[in-house]
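Residue numbers (the UniProt record's numbering), protein chains in the order written: chain H, 1 to 395; chain A, 1 to 395. All C-beta atoms, glycine included, are put in the ideal place defined by N, C-alpha and C. All values derive from a computational prediction rather than experimental measurement. Below is one structure; the comments refer to it alone.
Protein chains: 2
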Amino acid sequence: MNTAESSPPGSVGIVQTRYVELFSDGRSTLRLDCGATLAPVRVAFETYGTLNADKSNAILICHALSGTAHAAGRHHADDRKPGWWDNFIGPGKPFDTERFFVICSNNLGGCDGTTGPSSLDPTTGKPFGLRFPMITIADMARLQKGLIDHLGIPRLLAVAGGSMGGMIALQWALDYPNALRACVIIASTPRLSAQNIAFNAVARQAIMVDPNFNGGDYYGENVPRPVNGLALARMVAHITYLSEKGLHEKFGRQLQDRRELSFGFERDFAVESYLHYQGSSFVNKFDANTYLYITKAMDYFDPFPDPETTAKQLHKVAARMLVISFDTDWRFDTSRSKELVKMLNWHQKNVTFEQFRSIHGHDAFLLDDPLYMESLTSFLKRMHMETRHPTQSDP
Amino acid sequence: MNTAESSPPGSVGIVQTRYVELFSDGRSTLRLDCGATLAPVRVAFETYGTLNADKSNAILICHALSGTAHAAGRHHADDRKPGWWDNFIGPGKPFDTERFFVICSNNLGGCDGTTGPSSLDPTTGKPFGLRFPMITIADMARLQKGLIDHLGIPRLLAVAGGSMGGMIALQWALDYPNALRACVIIASTPRLSAQNIAFNAVARQAIMVDPNFNGGDYYGENVPRPVNGLALARMVAHITYLSEKGLHEKFGRQLQDRRELSFGFERDFAVESYLHYQGSSFVNKFDANTYLYITKAMDYFDPFPDPETTAKQLHKVAARMLVISFDTDWRFDTSRSKELVKMLNWHQKNVTFEQFRSIHGHDAFLLDDPLYMESLTSFLKRMHMETRHPTQSDP
């Protein structure tokens, strides 16, 4: 699946995205929280490293809103960019591919190969668009479980994810307690706040008022897509990914390609150019309908709405939990991680919590940081050792 | 101008907006920072209270982005809403109209009666649109100075404003040091941060990609206006006006008019409905071009770009300065007010600083709070007393 030849040290080398059709036997279906079913469901995924004989070294990586199955390596020798978490996955890296078999799949509802609103609806032969059923974080975990079953892995060493990926990882610990040893939740939250929902509402509105949105039916050649709305959605979201201080240090009030103010509606400031670039480059790789579905899934995520449900949800949790946050993350503030840790601890779950310093805000979870990476490395090593020398407390 | 009969106690009663044409003699013009000139320039303004014989009791209120000249009282007996700062202006209130003569004018570039992009360009007879010249905070202060001169007031007791109004008040202290005794700068900043500029960039982009924007030429009957873009701009900005905690306490994850999630693209959450309401009601009273011009003026505001300029700018300042901030304001964080206070203090200026607790974020400057209001009241009383018993330090 991957070859390390002629790749830089620490790289998983050239990789390929694979595809599998699940629920394709004409009988089984993916049952969704909304009540609808989907079948068949295609899943795009990549793997790095080698599954060991007793299948005990597999780690599932869950990606965030705009991620893909392509988490590490390059698709061909001239590939300009590696996978989205390449700095964390590879030989000698926290997700050490000399030790672990790492899996990453595109989320349900996505636009990178897994069935989503841009896929063809088998009943009509046309793209789903907004006829795609509403999906939840639990639905995403459910499809991943189907993939892991398909790969014949009875129990994952860990499920790990940052941001929305952390929500999916948490959902695994709640729904499939015996199918994972450890759960790593980074820069995430047990639920969206009113402010988070508000930002998502703006993003969806930007897409839906784009005249090219056309009720979600904008697929096909020569059909204009709602790129302005999607770019706006990305611009707003991008502000929330960065810390105020990080933006200040990176851009401040620096002008872009000019020495004087334009006194016109040019992009005078470097931060404006940067943000416009983020918006316009995003639309080339992402689908607006997926953006709608995924933000809604995040809005809906709320596994602990009240103490009674919380107790019920946490009762079965067996995974060792690692919760990580970053001090300048204001999208999912450290206090959200602490709230999750408190609930886990109060319900006598095995939980480790670390907060790291970073100037990068929410984006910090994607970026190199020695202390953060060392923490992940140590935790995963410990989990790996436990598979060899199971402790008494091991369920 | 105003009658208190049959109005609630503390109200300035029924008021009228007045209009004056400045720079209308065919010779004088309003010179703008961008190099252009405007003439004539109409100014919409209101006044409350009575100017005293020696004209020493006048206070100019500067409004923020979306404010108007209508700061207090009601326009007619059935008026549903009073002016935007009615809770602060009136008999017995901080801006006590039994003591002070309070003036508020619509800012240059506005859309409430003062010349702005929706006004007719006298050279073409058509609305300016984007042919309106770029304006700055200093230009806004310059036009206000024209109004104050027109009213025959040699020296204001105070210039006061919140948010962008605070920037205009600060500009008065820098540009017309002998024309004001005191300067009140609330929930404001000496310059926008990269994050502030980023949010403004999103807002402008939302307006400019609206297909009804049409390069700013959307005036006239039966011409559709860029209401979707303007509503989006307002929605984004509105999130920044409120604190995370305030949004949480007000809305949390409460559903809107439903007991269950819709599993559709409805507005499930109360915070979504609220935000959409804020956006859609804003477009009925505000002009998209004005939004573009005013956000750009805020972006450009930077009176203290380097130590040398700061020293030069602050050298002449003679006003007593009161700087006020709120602990949950993340649009213009308290640290920005402190930076201004530090600069003023280091240049040996007379400055008072208070930070108040509030859950309301940036919006706190508009809202009732006993400690905040008492602080304003005391400061203004002291300024008023100094006009009667000038101290030695009085310039």
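In the structure shown, Leu32 (chain A) adopts coil according to DSSP, grouped into three states. For Arg336 (chain H), the three-state secondary structure derived from DSSP is helix. Annotation: the continuous beta strand (DSSP E) that includes Gly162 (chain A) extends over Leu156 to Gly162. Neighbours of Arg191 (chain A) in chain H, taken as residues whose beta carbon is under 9 Å from its own, are Arg253 in chain order.
Residues of the region 221-243 of chain A whose Cβ lies closer than 7 Å to any Cβ of chain H, in chain order: Asn228, Leu232, Met235, Val236 and Ile239.
In the three-state reduction of the DSSP assignment, Ala198 (chain A) falls in the helix class. In this structure, DSSP gives Gly129 (chain A) a helical state, which the three-state scheme calls helix. The beta-carbon of Ile294 (chain H) is placed no less than 9 Å from the nearest beta-carbon of chain A. Against Ile197 (chain H), the close residues of chain A are Phe269, Val271 and Glu272, in the order they occur along the chain (beta-carbon pairs closer than 7 Å). With contact defined as three or more Cβ pairs closer than 8 Å, the region 74-93 of chain A and the region 121-137 of chain A are not in contact. The residues Pro94, in chain order, have a CB closer than 7 Å to that of Thr377 (chain H) in the same chain once the five nearest residues on each side in sequence are set aside.
Here Tyr48 (chain A) carries a strand assignment [DSSP, helix/strand/coil]. With its beta carbon less than 9 Å from one in chain A, Lys250 (chain H) belongs to the interface. Taken atom to atom, the span from the alpha-carbon of His75 (chain H) to that of Thr17 (chain H) is near 8 Å.
The CB of Asp306 (chain A) never comes closer than 8 Å to any CB in chain H; the least such distance is about 11 Å.
When secondary structure is reduced to three states using DSSP, Arg267 (chain H) falls in the coil class, being assigned neither helix nor strand.
Close to Leu247 (chain A), with beta-carbon spacing below 8 Å, are these residues of chain H in chain order: Ser193, Ala194, Gln195 and Ala198. Residue contact check for Ala53 (chain H) against chain A: no CB pair falls below 9 Å. The Cβ of Cys111 (chain H) sits no closer than 9 Å to any Cβ of chain A. Identification of chain A residues near Tyr219 (chain H) by a Cβ-Cβ cut-off of 7 Å yields none; the smallest Cβ-Cβ distance measures about 18 Å. Scanning H:Ala179, H:His360 and H:Tyr48 for the CA closest to the CA of Gly246 (chain H) turns up H:His360.
Secondary structure at Arg331 (chain H): coil, using DSSP grouped into helix, strand and coil. If you draw a straight line from the Cα of Gly252 (chain A) to the Cα of Phe269 (chain A), it comes to about 9 Å.
The continuous stretches of alpha helix (DSSP H) do not include Leu65 (chain A), and DSSP gives it neither H nor E.
In the DSSP assignment, Leu366 (chain H) falls outside any alpha helix (DSSP H) and carries neither an H nor an E. Comparing alpha-carbon positions, the option among A:Val317, A:Thr115, A:Ile89 and A:Tyr372 lying closest to Leu143 (chain A) turns out to be A:Thr115. Nearest neighbour of Asp33 (chain A) by Cα position, chosen from A:Leu51, A:Asp139, A:Ile239 and A:Phe128, turns out to be A:Asp139. Remark: fewer than three beta-carbon pairs, one from each stretch, lie closer than 8 Å, so the region 293-308 of chain A and the region 317-335 of chain A are not flagged as touching.
Within the DSSP bridge table, the entry for Ala39 (chain H) names no partner. When the beta-carbon positions are compared, Gly161 (chain A) and His63 (chain A) come within less than 9 Å of each other. In this structure, Asp329 (chain A) keeps its C-beta atom at 9 Å or more from the C-beta atom of Leu192 (chain A). Looking at the DSSP output, Thr240 (chain H) bridges to nothing.
In this model, Lys342 (chain A) and Pro190 (chain A) are separated by some 11 Å (Cα to Cα). In this structure, Ile59 (chain A) lies near Phe100 (chain A), with their beta-carbon atoms less than 9 Å apart. Assignment of Ile148 (chain A) by DSSP, reduced to helix, strand and coil, places it in the helix class. Fewer than three Cβ pairs drawn from the region 199-208 of chain A and the region 165-180 of chain A lie within less than 8 Å of each other, which leaves the two stretches out of contact.
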